[in-house]
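Visitor: Residue numbering for the sequence shown follows this note's numbering, beginning at 870 and increasing consecutively.
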Amino acid sequence: MSNVIFLDVDGVLNSKFWDDEHQREISDGKYIDIDAVKLFSKLVKKTDARVILHSGWRFWFDDEMKPNRSEAEFFADVMEKEGVFISGVTPDLTTEEIRKAKKFSLVKADEILQWLKENPTDNWLVIDDLDLHNNEIASHQIKTDAEVGLTENDVEKALNLLLGNVG
């Protein structure tokens, strides 16, 4: 049985704090906090988890998970350098109205649950800075603070969720 981590990017692998300090990188299309990726990598390696992208960033990859935008290419390169690979993406259940309003949190839970229905696994968690409006998801979610992104404390909580109360 494999572990699965549903990964959001904005507010997890970057943050408002990081954005303020890295305007040059952002202007170069590099929206990823490398230190947050290193933290995330520790989690993936310790849990031997598959990573499923449920972020809007998933639209920046083709069906074979090849980046089709420079931002996604940088993201994929940084992840790969840390030994982390995206195994897949959640289905897209957005509507035109949701996309225009940028209210993706309204369908993210349903997208994750649909992925799980098609790929059953007992051990999974969601890392996202948004409230996904679903109790089942909430019980499996590490909710990051968009101001600071992924922290050591978040990784510890994630390890406990995926592996049980180990060490």
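Even for Gly, the Cβ is constructed at its ideal location relative to N, Cα and C.
1) DSSP on ILE895, reduced to helix/strand/coil?
2) What residue does the alpha helix (DSSP H) around ILE1113 start on, and which one ends it?
3) Who does GLY957 pair with in a DSSP beta bridge?
4) Quick check on DSSP: helix, strand or coil for ASP904?
5) Between VAL873 and THR1013, how many whole angstroms is the CB-CB distance? I'm expecting something under 8 Å.
6) With burial defined as no fewer than 16 other Cβ atoms inside 10 Å of the residue's Cβ, what is the status of ASN1022: buried or exposed?
7) With burial defined as no fewer than 16 other Cβ atoms inside 10 Å of the residue's Cβ, what is the status of SER896: buried or exposed?
8) Could you tell me the distance, in whole angstroms, from the CA atom of PHE930 to the CA atom of VAL878?
9) Three Cβ pairs or more, each shorter than 8 Å: is that satisfied between the region 985-1001 and the region 943-956?
10) SER924 and LEU1001: beta carbons closer than 8 Å?
11) Decide if PHE954 is buried, meaning its Cβ has at least 16 other Cβ atoms within 10 Å, or exposed.
12) Between THR959, GLU1005 and VAL913, which lies nearest to GLU951 when the distance is taken from Cα to Cα?
13) Are there 16 or more other CB atoms within 10 angstroms of the CB of ASP997, so buried, or fewer, so exposed?
14) Among all the DSSP beta bridges, which residues are the ones paired with VAL873?
15) From what residue to what residue does the alpha helix (DSSP H) around LYS969 run?
16) Reducing DSSP to helix, strand and coil, say where ASP1023 ends up.
17) Using the Cα positions of LYS907 and GLU1016, report the straight-line distance between them to the nearest angstrom.
Guide: Quick look at the numbers:
1) Locating residue 895 in the sequence shown gives position 26, where the first residue counts as 1. Because the pLDDT at ILE895 is just 45, under 50, the model does not fix this residue reliably, and the point stays unresolved.
2) Given that the chain is displayed from residue 870 to residue 1036, the structure contains no residue 1113 and the question cannot be resolved.
3) Looking up residue 957 in the sequence shown gives position 88. Answer is ILE921, bridged to GLY957.
4) Sequence index remark: in the sequence shown, residue 904 carries index 35 (1-based). Here ASP904 sits in helix by DSSP.
5) Numbered from its first residue, the sequence shown carries residue 873 at position 4. Numbered from its first residue, the sequence shown carries residue 1013 at position 144. At roughly 18 Å, the Cβ-Cβ gap does not stay under 8 Å, so VAL873 and THR1013 are not in contact.
6) What you label residue 1022 is simply residue 153 of the sequence shown in a count that begins at 1. So ASN1022 counts as exposed.
7) Within the sequence shown, the letter at position 27 stands for residue 896. Confidence at SER896 is low in this model, with a pLDDT of 46, below 50, so its placement is unreliable and the value that follows should be read with caution. Exposed: under 16 other Cβ atoms inside 10 Å.
8) Reading the sequence shown from its first residue, position 61 is the one you call residue 930. Reading the sequence shown from its first residue, position 9 is the one you call residue 878. Using only the alpha carbons, I get a separation of about 14 Å.
9) no
10) Residue mapping note: residue 924 aligns to position 55 of the sequence shown, counting from 1. Residue mapping note: residue 1001 aligns to position 132 of the sequence shown, counting from 1. Contact: no.
11) Walking along the sequence shown from the start, residue 954 turns up at place 85. Result: exposed.
12) Position 82 of the sequence shown, counting from 1, holds the residue named residue 951. If we check each option's Cα against that of GLU951, VAL913 comes out closest.
13) The residue labelled residue 997 in the question sits at position 128 within the sequence shown. Classification of ASP997: buried, given that the 10 Å Cβ count is 16 or more.
14) Along the sequence shown, one-based indexing puts residue 873 at 4. Note: VAL873 sits in a beta bridge opposite ARG919 and TRP993.
15) Taking the sequence shown and counting its residues from 1, one reaches residue 969 at position 100. Run containing LYS969: 965-970, per the alpha helix (DSSP H) assignment.
16) As a working note, residue 1023 is residue 154 in the sequence shown. Three-state result, ASP1023: helix.
17) Position 38 of the sequence shown, counted from the first residue, corresponds to residue 907. Position 147 of the sequence shown, counted from the first residue, corresponds to residue 1016. Each residue's Cα considered, the two are about 18 Å apart.
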